[in-house]
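**Q** Dumping the structure here so I can ask a few things about it.
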Amino acid sequence: MLNFGSDASETVALHLGRISPPLQAPAGSGPLALRQREADKAAEPWLKLDRPENGNFLVLLWRDPTASSWEKARSMILPDDATARPPGSIYFANLSSNDVRIIIASEKLVLAAGTSFARTVPTGVEQPFQILLPDRSGNWKPLHSSVITQNSGERSLVVVYRADGKSPRRPLKVSVQREPAPTPPLPD
């Protein structure tokens, strides 16, 4: 259940690895409290967030690496409107506690833990990218190699996150989601 300050609540199911259906949030900054569906509105929220001042937003959730349950969740809020994530854009978010190197086209950069950035790529062109992780010696080793091809009106989201579970083969995983982009607003 989501509460926006003292406003009415909406309910949405959360699923691992999938984006939930959109919800309407009041315009402007303010509190966003997430509660279990059965929880009383007066109960302490499962997670408290601050809504951004402007635009649509996407909330990414993951388990705190020190906890063995979802009782302690962590979050990152990304802009999600047509201005911040227009058609042709790729948005990279690093939810892990490790810095990673991103190579996209001829650009090489380090994406620090807990940060994000966006790039625009040509429509209909295969855009190769790599994500590398430093080994114990500090050398960059490939974690993920892929190609994104976006059709006209599409955008992508690439999320790097900690692999959960006992003894995962790799410490991090990568999720790539391609979707239709919202229509940009018409000029006044």
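Going left to right, the sequence shown walks through residues 1352 to 1539 as my numbering numbers them. All C-beta atoms in this analysis are idealised placements derived from N, C-alpha and C, irrespective of residue type, glycine included.
1) With DSSP collapsed to three states, give me the class of SER1357.
2) Taking the DSSP output, what are the residues bridged to HIS1495?
3) Does DSSP put ASP1401 in a helix, a strand or coil?
4) Can you check whether the CB of VAL1451 is closer than 7 Å to the CB of LEU1462?
5) Below 8 Å CB to CB, which residues in the same chain sit around ALA1433 once its five sequence neighbours on both sides are set aside?
6) For a cutoff of 7 Å on Cβ pairs, would you count ILE1441 as touching chain B?
7) Is it buried or exposed for ALA1364, if we count other Cβ within 10 angstroms and need 16 for buried?
8) Label PRO1403 either buried or exposed according to how many other C-beta atoms from any shown protein chain fall within 10 Å of its C-beta, with 16 as the threshold for buried.
**A** Considering the structure as presented:
1) By one-based count along the sequence shown, residue 1357 stands at place 6. Residue placement at SER1357 is poorly supported in this model, since its pLDDT is 49, which falls under 50; the coordinates still yield a value, given next. Here SER1357 sits in coil by DSSP.
2) Here residue 1495 corresponds to residue number 144 of the sequence shown, with the count starting at 1. In DSSP, HIS1495 forms a bridge with ILE1482.
3) Along the sequence shown, one-based indexing puts residue 1401 at 50. Residue state, collapsed to three classes: strand.
4) If you number the sequence shown from 1, residue 1462 lands on position 111. If you number the sequence shown from 1, residue 1451 lands on position 100. Cβ atoms of LEU1462 and VAL1451: closer than 7 Å.
5) Looking up residue 1433 in the sequence shown gives position 82. Once the five neighbours on either side are set aside, the close Cβ partners of ALA1433 are ALA1532, PRO1533, THR1534, PRO1535 and PRO1536.
6) No chain B appears in this structure, which consists of one protein chain only.
7) To locate residue 1364, count along the sequence shown from 1; it is residue 13. Classification of ALA1364: exposed, given that the 10 Å Cβ count is below 16.
8) Position 52 of the sequence shown, counting from 1, holds the residue named residue 1403. With 16 or more Cβ atoms within 10 Å of its Cβ, PRO1403 is classed as buried.
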